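Peer 1: Which chain is which? The protein sequence lines are A and B, in order. With full-length UniProt numbering applied, the first sequence covers 1 to 358. With full-length UniProt numbering applied, the second sequence covers 1 to 358.
There are 2 protein chains.
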Amino acid sequence: MTTDNKPVLVQAGRLAGFIDRSLQAAGLPAADAAKVAGLMTEADLQGSDGHGVIRLPQYVKRIRAGGINTRPDMRVVSERPGMAVIDGDNGMGHLVVSRAVELAIDKAAASGVAWVGTRGSNHAGPASLYARMPVRHDMIGLYFAVGSANHLPPWGGIDMLLSTNPIAAGIPAGHEPPVVLDMATTVAAYGKVKSKAKRGEPMPEGWMIDREGRPLLDPTRAHEGFLLPIGGYKGYGLALIVGLLAGTLQGAAMGRDVVDFNKDHATVTNTGQAILVIDLKAFGDPAAFKTSVDRLVRDLRASERLPGVDRIWVPGEQSHARREAYARDGIPLAAELVAELRDLARQWDVAPLEAAAS
Amino acid sequence: MTTDNKPVLVQAGRLAGFIDRSLQAAGLPAADAAKVAGLMTEADLQGSDGHGVIRLPQYVKRIRAGGINTRPDMRVVSERPGMAVIDGDNGMGHLVVSRAVELAIDKAAASGVAWVGTRGSNHAGPASLYARMPVRHDMIGLYFAVGSANHLPPWGGIDMLLSTNPIAAGIPAGHEPPVVLDMATTVAAYGKVKSKAKRGEPMPEGWMIDREGRPLLDPTRAHEGFLLPIGGYKGYGLALIVGLLAGTLQGAAMGRDVVDFNKDHATVTNTGQAILVIDLKAFGDPAAFKTSVDRLVRDLRASERLPGVDRIWVPGEQSHARREAYARDGIPLAAELVAELRDLARQWDVAPLEAAAS
Numbered sequence: 001m002t003t004d005n006k007p008v009l010v011q012a013g014r015l016a017g018f019i020d021r022s023l024q025a026a027g028l029p030a031a032d033a034a035k036v037a038g039l040m041t042e043a044d045l046q047g048s049d050g051h052g053v054i055r056l057p058q059y060v061k062r063i064r065a066g067g068i069n070t071r072p073d074m075r076v077v078s079e080r081p082g083m084a085v086i087d088g089d090n091g092m093g094h095l096v097v098s099r100a101v102e103l104a105i106d107k108a109a110a111s112g113v114a115w116v117g118t119r120g121s122n123h124a125g126p127a128s129l130y131a132r133m134p135v136r137h138d139m140i141g142l143y144f145a146v147g148s149a150n151h152l153p154p155w156g157g158i159d160m161l162l163s164t165n166p167i168a169a170g171i172p173a174g175h176e177p178p179v180v181l182d183m184a185t186t187v188a189a190y191g192k193v194k195s196k197a198k199r200g201e202p203m204p205e206g207w208m209i210d211r212e213g214r215p216l217l218d219p220t221r222a223h224e225g226f227l228l229p230i231g232g233y234k235g236y237g238l239a240l241i242v243g244l245l246a247g248t249l250q251g252a253a254m255g256r257d258v259v260d261f262n263k264d265h266a267t268v269t270n271t272g273q274a275i276l277v278i279d280l281k282a283f284g285d286p287a288a289f290k291t292s293v294d295r296l297v298r299d300l301r302a303s304e305r306l307p308g309v310d311r312i313w314v315p316g317e318q319s320h321a322r323r324e325a326y327a328r329d330g331i332p333l334a335a336e337l338v339a340e341l342r343d344l345a346r347q348w349d350v351a352p353l354e355a356a357a358s
Numbered sequence: 001m002t003t004d005n006k007p008v009l010v011q012a013g014r015l016a017g018f019i020d021r022s023l024q025a026a027g028l029p030a031a032d033a034a035k036v037a038g039l040m041t042e043a044d045l046q047g048s049d050g051h052g053v054i055r056l057p058q059y060v061k062r063i064r065a066g067g068i069n070t071r072p073d074m075r076v077v078s079e080r081p082g083m084a085v086i087d088g089d090n091g092m093g094h095l096v097v098s099r100a101v102e103l104a105i106d107k108a109a110a111s112g113v114a115w116v117g118t119r120g121s122n123h124a125g126p127a128s129l130y131a132r133m134p135v136r137h138d139m140i141g142l143y144f145a146v147g148s149a150n151h152l153p154p155w156g157g158i159d160m161l162l163s164t165n166p167i168a169a170g171i172p173a174g175h176e177p178p179v180v181l182d183m184a185t186t187v188a189a190y191g192k193v194k195s196k197a198k199r200g201e202p203m204p205e206g207w208m209i210d211r212e213g214r215p216l217l218d219p220t221r222a223h224e225g226f227l228l229p230i231g232g233y234k235g236y237g238l239a240l241i242v243g244l245l246a247g248t249l250q251g252a253a254m255g256r257d258v259v260d261f262n263k264d265h266a267t268v269t270n271t272g273q274a275i276l277v278i279d280l281k282a283f284g285d286p287a288a289f290k291t292s293v294d295r296l297v298r299d300l301r302a303s304e305r306l307p308g309v310d311r312i313w314v315p316g317e318q319s320h321a322r323r324e325a326y327a328r329d330g331i332p333l334a335a336e337l338v339a340e341l342r343d344l345a346r347q348w349d350v351a352p353l354e355a356a357a358s
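1) Any Cβ of chain B within less than 7 Å of the Cβ of A/K290?
2) For the ligand PLP, I want to know if B/N165 counts as a neighbour, meaning its beta carbon is within less than 6 Å of at least one of the ligand's heavy atoms.
3) Out of A/K281, A/A239, A/P134, A/G67, which one is the CA nearest neighbour of A/T267?
4) With DSSP as the reference, please indicate the residues paired to A/D138 in a beta bridge.
5) Which one or two residues does DSSP pair with A/V113 in a beta bridge?
6) Can you check whether the C-beta of A/F226 is within less than 7 Å of a C-beta belonging to chain B?
7) Which two residues bound the contiguous alpha helix (DSSP H) that contains A/E336?
8) Select from A/V97, A/I171, A/D210 the residue whose C-alpha is nearest the C-alpha of A/G156.
9) Give a yes or no on whether 7 Å exceeds the smallest Cβ distance from B/R305 to chain A.
10) Between B/G174, B/V60, B/G120, which lies nearest to B/T271 when the distance is taken from Cα to Cα?
11) Checking contacts by CB at 7 Å: is A/T118 closer than that to chain B?
12) Going straight from the alpha carbon of residue 359 of chain B to that of B/S148, what length do you get?
13) Considering only residues of the same chain and omitting the five flanking positions on each side of A/P72, which have a CB-CB separation below 7 Å?
14) Since A/N80 sits in a beta bridge, which residues does DSSP pair it with?
15) Taking CB distances under 7 Å as the criterion, tell me whether A/M139 reaches chain C.
16) Could you tell me the alpha carbon to alpha carbon distance between A/G251 and A/I140, rounded to whole angstroms?
17) Exposed or buried, which one is B/M1 when buried takes at least 16 other CB atoms within 10 Å?
18) Going by DSSP in three states, B/A168 sits in which element: helix, strand or coil?
19) On a CA-only basis, which of B/V179, B/G174, B/K198, B/P166 is nearest B/A188? Give me that one, please.
20) Can you give the Cα-Cα distance for A/S319 and B/E176, rounded to whole angstroms?
21) Determine which residues of the segment 73-101 of chain A have a Cβ less than 7 Å from any Cβ of chain B, and write them out in chain order.
22) Going by other Cβ atoms of all chains shown within 10 Å of its Cβ, with 16 needed for buried, is B/T220 buried or exposed?
23) Could you say which of A/A287, A/T186, A/A288, A/V293 lies nearest to A/V207 if we only look at CA atoms?
24) Does any residue of chain B have a CB that is nearer than 7 Å to the CB of A/K282?
25) Compute the Euclidean distance between the alpha carbons of B/A355 and B/V297, then round it to the nearest angstrom.
26) Kindly list the residues whose CB is nearer than 7 Å to the CB of A/L161, restricted to its own chain and excluding five residues on each side of it in sequence; keep chain order.
27) Between B/G247, B/E224, B/L337, which has its C-alpha nearest B/G50's C-alpha?
28) Closer than 8 Å, Cβ to any Cβ of chain B: which residues of the segment 177-200 of chain A, in chain order?
29) Against A/M254, what residues of chain B qualify as contacts under a CB-to-CB distance less than 9 Å, listed in chain order?
30) Under 7 Å between C-beta atoms, does B/A31 make it to chain A?
31) What residues in the segment 246-272 of chain B bring their beta carbon closer than 8 Å to a beta carbon of chain A?
32) Relative to the alpha-carbon of A/G308, which residue among B/R214, B/T164, B/D260, B/D264 has its alpha-carbon at the smallest distance?
33) Compare the C-alpha of A/K6 against each of A/R199, A/A104, A/L45 and name the closest.
34) Would you kindly check if the distance between the Cβ of A/I241 and the Cβ of B/A25 is under 7 Å?
35) Would a check of beta-carbon distances place A/P215 closer than 7 Å to chain B?
36) Closest Cβ-Cβ distance between B/A158 and chain A: below 7 Å?
What follows is the structure, given as structure tokens:
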């Protein structure tokens, strides 16, 4: 490994091992640390690099500050055949949301469709991780979350009362990769702003504006402005609806109650997420559905193209290809991030990333 | 009533009566005609003027061309506690979707959450009509539909394989109007392009591009280009997911199977829609939820504003205010539309709009 500006290739097993021991050293039980490490590594494998190991320093800081309950008593607090709400007791978000998805899959197998929401949860990484989980059961996943910091004002306003509140969907295909959408309701997710800052690159116009409404291009000045929603007032509306569904409905934080987990490492966030799982078997023959999806995907890909366009992508296709390449060749991590993790390993007194997988 | 360029104010009861007798004259049974007339009038009352009586000529043309089944045998073709699929047997979309929403409300009361989809349906008017219906039962409605004509290519492509596939949500509030979002996944709905053409106005840049990727501003040349999705590839992804959920999942048309109902009045459209209903009572005390929504709405409205912004709106607030004003003062209809309806009344041999409500 080098510290020049070229990305460093790290094998997934090695990355997962480092995250695992770092989380254990911070106080997470072994089984929980392994589960979170697996999901964080999965995030990096699929190229969601704003939500993988880059978040580890922040998670560890929060755990050590007492802002995460490392021994949560997660419980179902309301339940019907087609729904449940899980109180995560302020555990790691990855654990709370995984539990919610597992329960929703079980319920959908009986009811056809099921919704499971969370409260008392925390930042859980990329939305697509969870929307994808039902796919291997021939089920559709639709995921909504309240973002972990408010960066979006109402349309025309400047008070940051909303977050990037993402929507994700995972839809089974047959021979094609599943259709997986994962999108912030803002033009850019805040993680992408951070990545730009880390790489020392300016942001494109249209990502952020300042409090006077002027374009904001310097990612290190992100705190002076706010994100723009997709489609103007439409994205504002979507962010609001997602927040009501993922937050308010389950009694989780929304609006001015959202804690900025980038700045505040100790206050309980009461994060909310929701997963809707749809069992294809309830609607007919899953194989027929998947054949229709394949046909649609191929029609889209075969579309005549605009001048200068090399290829048409279907949502999820690029992360699928990345996942295969990174699993084979290693995950490219920014050299600065690797250097930061090396310093932190020393500080946390854990074996560094370079050590063999534990 | 006058025929100059000022809009003509028409009382809701009078408009509903005219739609009712026009649909009956076209062959719809009395109860069905009354139900569709009520919903179309409701569309105009809330200001969804691209989806109200303006569609009557097209609906009547399709009914008379045999493109709608006026005696449909609507049936539930698959069912679980939390879901159902209704085959609308090519009946009027308003009737099929109303039936779907009623069933979803019943199922949600038992299961907490329920999804009911349609196939063999037709254009059903504004999405918000249906997303709103659960609200009076202290339930949330989320609605997805496959648009009735393809105007959107995949991102980077020029083959129009997708429609404006809308998303709508209706969320109960306490003292505030319900939060109601109703949005096409394209920057502009195709109805807005038609309105610009009717008014002889150019389109803003960003609504449409031509087959070379150049901005298309002349709405009379709309057939030479296509709509742009919100947020670029994100809106493309959303339109695709909505189409898979509202169409493919229920065995309804999607992609190249979508019939352009503006040009073709006889071919069965096999339109698909889906409603998700969430019963607030399953999650806790609906009154507490509605109080939280009120507080959030008020926080958003009270946000400090960007320079030059007079007021911050919450989705659904403007249509709520319009509905109250139009119910009191009459619905403003374009003079040309009123003239067109007068000619059609003669042609259809029904009493004109001016006649007293039946």
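Ideal placement from N, C-alpha and C gives every residue a C-beta, glycine not left out. This structure is a prediction, so every number in the text was calculated from the model and none was measured.
Peer 2: Taking the definition as stated:
1) no
2) The ligand PLP is absent from the structure shown, which contains no ligand whatsoever.
3) A/G67
4) According to DSSP, A/D138 bridges with nothing at all.
5) A/I278
6) no
7) 335-348
8) A/D210
9) yes
10) B/G120
11) no
12) No information on residue 359 of chain B is available, as it lies outside the stretch 1 to 358 that chain B covers here.
13) G88, D89, N90, G91
14) Note on identity: in this sequence residue 80 of chain A is Arg, with Asn being the wrong assignment. Bridge partners of A/R80: A/M83.
15) The question asks about chain C, but that chain is absent: this structure's protein chains are A and B.
16) 25 Å
17) Low local confidence applies: a pLDDT of 41 at B/M1 is under 50, so the model's placement there is unreliable, with the coordinate-based value given in what follows. Burial call: exposed.
18) strand
19) B/P166
20) 42 Å
21) S78, R80, P81, G82, M83, V85
22) exposed
23) First, the residue type needs correcting, since residue 207 of chain A is Trp and not Val in the sequence shown. Minimum Cα distance to A/W207 is reached at A/T186.
24) The sequence shown places Ala at residue 282 of chain A, rather than the Lys named in the question. Cβ-Cβ to chain B under 7 Å: yes for A/A282.
25) 42 Å
26) N150, P153, P154, G255, R256
27) B/L337
28) V179, L181, M183, V187
29) S292, L296
30) no
31) T248, L249, Q250, G251, M254, G255, R256
32) B/R214
33) A/R199
34) no
35) no
36) The sequence given here has Ile at residue 158 of chain B, not Ala. It does: the Cβ of B/I158 has a partner Cβ on chain A nearer than 7 Å.
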